[in-house]
Amino acid sequence: MPASDMPAPDATTGKDVLRMSDIRMRFGSHYALDGVTLSIRRGEVFGLLGQNGSGKSTLIKVLAGFHQPEGGSEIVLWGETMPLPLDPMAIKKRGVAFVHQHLSLVPSLTVVENMRVTALGQKTPWRVSWKKEAARVGALFAEFGLTIDPFATVASLPPVERAFVAIVRAFDDLRASDAGYGGEGILVLDEPTPFLPAQDVERLFALIRSIVRTGASVVIVTHDIDEVRDITDRVAILRDGKLVAILDTQTTGRQAILDTIVGLRVDAFEKTRKTSVGAPAVIVRDLTDGRRPGFDVDIRPGETLGITGLIGSGFAAVPYMLYGARRGAGRIRIGGQEVDLARMTPQRAQSLGIAFLPGDRLGAAGIGSLPITDNITLPVLADHLSALGLGLDRRGMRQHAAALSTDYDVRPARPDLNLGALSGGNQQKVLLAKWLQTKPTLLMLDEPTQGVDFGARQQIFEALHRASEQGTAVLCASTDNEQLEQICDRIIVFARGRPVAELIGTDITRKSIAEACFHGETTAAEAAQ
Amino acid sequence: MTTIDLSTPETSTKAGPAKPKRRPLDWKAETERFALLGAWMLLIVIFGILMPDSFLSWRNFSTMFGSQAVLVVLTLALLVPLTSGDFDLSGASVLTMSSMLIAVLNVREGWPIAPVILVALASGAVIGAVNAVFVLYFRIHSLIVTLGIGTFVNGLILWISQSQTISGVSMDLVGWVIINRFLGIPLAFFYALILAGILWYVLEFTIPGRKLLFVGRGREVSRLNGIAVDRVRAVSFMVSGLISAFAGVLYAGMTGSADPLSGLSLLLPAFAAAFLGATTISPGRFNAFGAVIAVYFLVTGITGLTMLGADAYVQNLFYGGALVIAVALSQLVRNRQPQDFS
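So the protein sequences, as listed, match chains A and B. Okay, so the first sequence: first residue is 174 according to the numbering used here, each after it adds one. Okay, so the second sequence: first residue is 1024 according to the numbering used here, each after it adds one.
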């Protein structure tokens, strides 16, 4: 698309297939989207770029009718305003199809079954001819030069072909929609590439280009600046829920895009960072997931070490491997003991003084259907055995839970409530209290404040700060740069499964973290080639 | 996400320390807890009015309490793996196997009764261990494994008994199960009550009990909290087998005989009682005394209806109907939240 005619979005309303105006979306008191306005033209590839948490995915979910925006937000498809609240089926029928990051395929079923899960080509639902369906699916693949066996199970396909199946399925939905009869439609791809190697990304882009040639428009959400420059015509850049710029990718340089993503911001809060000296509390050597060469990490007592990177860069697996929750290899030395990580188990890790708070609060960290008391006392049950050692002192457990709830300001402070009845922030306070009461040598956190409101977030930071004052070493894996800046003394940035940069003390700013993430990914890619 | 979050720094300081103070009774919750007990009492009152002489006699109640102790024990056996998130469909087969082993070894082989009982109990633990191996090592769903192993055991029972009913089990056993009485009720009832007490205590007041509950509610959560999930589940299968085998010992003692089939029909009533019991006392959790009440609620209904002259089919009507209706009512009280036992 020529970019010379790039006037204000409003002026081109006639040509726009999609216009989103003044989209506002709030979670609690925090605006995830704060008045975003943009429009998509017919037959263009439009990129959505921004840091983690900048609102890209929320915007896509609003478009899908998944999140309801506030009143005053407007979505116009082919000149027709969609009424609020948005109806996901109406949007789909109008001609917008989505491929989400996890592709929404059932791995144990065949390609043709997955392709036909939404719409069978036949008139009667009572007599499905799988042979005809397969032929139809095969023909569709052939249109895009793909040779995928319709009867193969999805699990047996390489990742890139799974992505193809999901994308072609979405394209097929477009054809069946209202817009599809005019040869149009909007295909939305939410981060389709993070796990794909470079040549597969090329194949994926070839598919996208041939889809655009049919007259459809494509919106692609991504982290990767180079991919954006490669495939898109225009790119919208979001920061903190606001649209910062819409750039023409053919004429904008890499650095300009990066600067726009990161922006310049005044920081509200700053912690005095410790430059800890002395012997490390934790020494990790040759840590590897078995596919890449190992690396070393040391953490000093009372130090808060952040590890970060773009999604898919491998940093998130580090605490799981150190805790023995995921197979890794290497050695860890803590509290005078050295342990082979290949033989680490969560029980062993706990006995060494390692605590780990996973990010999935109710799926991995605590049980929503059990009371706060039961959840919070789990690691210290042995302390609550009655004098004779015969049974648990339930009253004492309740009192203990009530006291901890008060200390950590859990609201409401009613230990008999089920954990699942609390807000995300209060759940996290309970789960953090659970581990901090054990006074761990090393506390590992995975996205500790995801979905946590502002107030609770500060309280959690304070609790972490208190723990580190008492000598606990903290390892925090997160993609939330603001949080990392607030709590970390040192940050290691990962790309392609390896540490690529280290930020210490005053070097740590939101901007420097984000730059290191994007920069690290590029240099690692270049090094790989 | 349900939001009960009021946290702003200002209010947090004013609120002061929250003391674990006694809150006013939550009537809705209390009603839910004791609804089944109330329904049981209501049944007794209704049948009592209809048949004041025959139904309200101590004799009738002592028979009911004594004869259904086997079902109570089997239900308690199923509770253990249900709490840790597994189904044990082989429970009734273990029960029948245990009673048949007693008959075969004691009557046919002429062994003294004490070692025979130990062998019978051991058979239950062994079958539980076999279940555990297939479920945990091969990662097969417990429904499939225990269905298969249970059926396999049924075959073994027919084989070792040559499809015969064997009677003449040692009167010592019969005496200690059904003939000797306390307060006019056969001892078997008290064995079941003691077992329920032990199970309640273990589940509520011991660390293994806590672990069992956590494993049942969230395997991944438990694993990441350092619980040896596989070991807990294995023990739970073995304990289930052991208690089922104990039910079989009582079953042999009830009649002084063993037949290869009748015990198998106890499986579904036991599951019905386990699920029904989870709606009472500690609603939403499988609990021992809830299960005891559930069994006697079901049995009272069936006994009363039978005494009124109803046909045999009323038994299944009542087991099935009462289960679904009671659980449905309890769901209404809970505003139809999805049930979450596991």
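Even for Gly, the Cβ is constructed at its ideal location relative to N, Cα and C.
Short of 6 Å from the beta carbon of L478/A, and not among the five residues preceding or following it, lie these beta carbons of its own chain, in chain order: I472, L648 and R663. Neighbourhood of V1244/B in chain A, by CB distance below 7 Å: A537, A538, G539 and I540, in chain order.
The residue among S1121/B, P1135/B and Y1160/B with its C-alpha nearest the C-alpha of V1149/B is S1121/B.
The C-alpha of R671/A is placed about 54 Å away from the C-alpha of L1299/B. In this structure, the alpha-carbon of W1134/B lies about 6 Å from that of L1128/B. In the structure shown, the three-state DSSP call for I430/A is helix. N591/A has its alpha-carbon roughly 11 Å from the corresponding atom of L535/A. Looking at R464/A, Q601/A, K304/A and E642/A, the one whose alpha-carbon comes closest to that of G624/A is Q601/A. Under the Cβ distance rule, L514/A does not count among the residues neighbouring chain B, no pair being separated by less than 9 Å. M255/A is bridged by DSSP to I248/A. Under the Cβ criterion of 9 Å, G1220/B is not counted among the residues facing chain A. Annotation for D421/A: no alpha helix (DSSP H) segment contains it, though the beta strand (DSSP E) segment containing it runs K415 to D421. Using a 10 angstroms sphere on the CB of N1203/B, the tally of other CB atoms stays under 16, which defines it as exposed. The beta-carbon of R1240/B is placed less than 9 Å from the nearest beta-carbon of chain A. Proximity of chain A to L1247/B at the Cβ level (cut-off 8 Å) is accounted for by Y496, A498, P519, F529, P531, A537 and A538, in chain order. Beta-bridge partners assigned by DSSP to I472/A: V455/A. By a beta-carbon distance limit of 8 Å, E675/A does not contact G475/A. Their separation comes to about 18 Å.
V269/A places its beta carbon 9 Å or farther from that of I393/A. Residue pairing of M193/A in beta bridges, as defined by DSSP: L211/A and I248/A. The alpha-carbon separation between A352/A and R199/A amounts to approximately 31 Å. Between the C-alpha atoms of R1233/B and G1241/B there is a straight-line separation of about 12 Å. Scanning Q372/A, Y354/A, L380/A and I434/A for the CA closest to the CA of V338/A turns up L380/A.
By the Cβ test, the region 1289-1296 of chain B is not in contact with the region 1194-1210 of chain B, since fewer than three Cβ pairs between them sit closer than 8 Å. For E357/A, the secondary structure class from DSSP, reduced to helix, strand or coil, is coil.
With respect to A1345/B, L1328/B sits apart: the two C-beta atoms are not nearer than 9 Å. Around the beta carbon of M517/A, 16 or more other beta carbons sit within 10 angstroms, so the residue counts as buried. Per DSSP, the unbroken alpha helix (DSSP H) holding G1264/B starts and ends at V1252 to T1278. Nearest Cα to I660/A within the set A640/A, G426/A and R427/A: A640/A. In this structure E247/A touches S194/A by the C-beta definition: roughly 4 Å separates them, less than 8 Å. Of the candidates Q1091/B, M1123/B and I1304/B, I1304/B places its Cα closest to the Cα of T1054/B. Taking a beta-carbon distance threshold of 9 Å, F1298/B does not count as an interface residue toward chain A. Sequence-distant partners of N1310/B (beyond 5 residues in either direction) whose C-beta falls short of 6 Å from its own C-beta, in its chain, are I1304.
Against chain B, the CB of G501/A has no partner CB under 9 Å away; the residue lies outside that interface.
Between V401/A and I430/A, the CB-CB gap stays under 9 Å. In the structure shown, N548/A adopts helical secondary structure according to DSSP, grouped into three states.
Residue state for L460/A is assigned as strand, using DSSP reduced to three classes.
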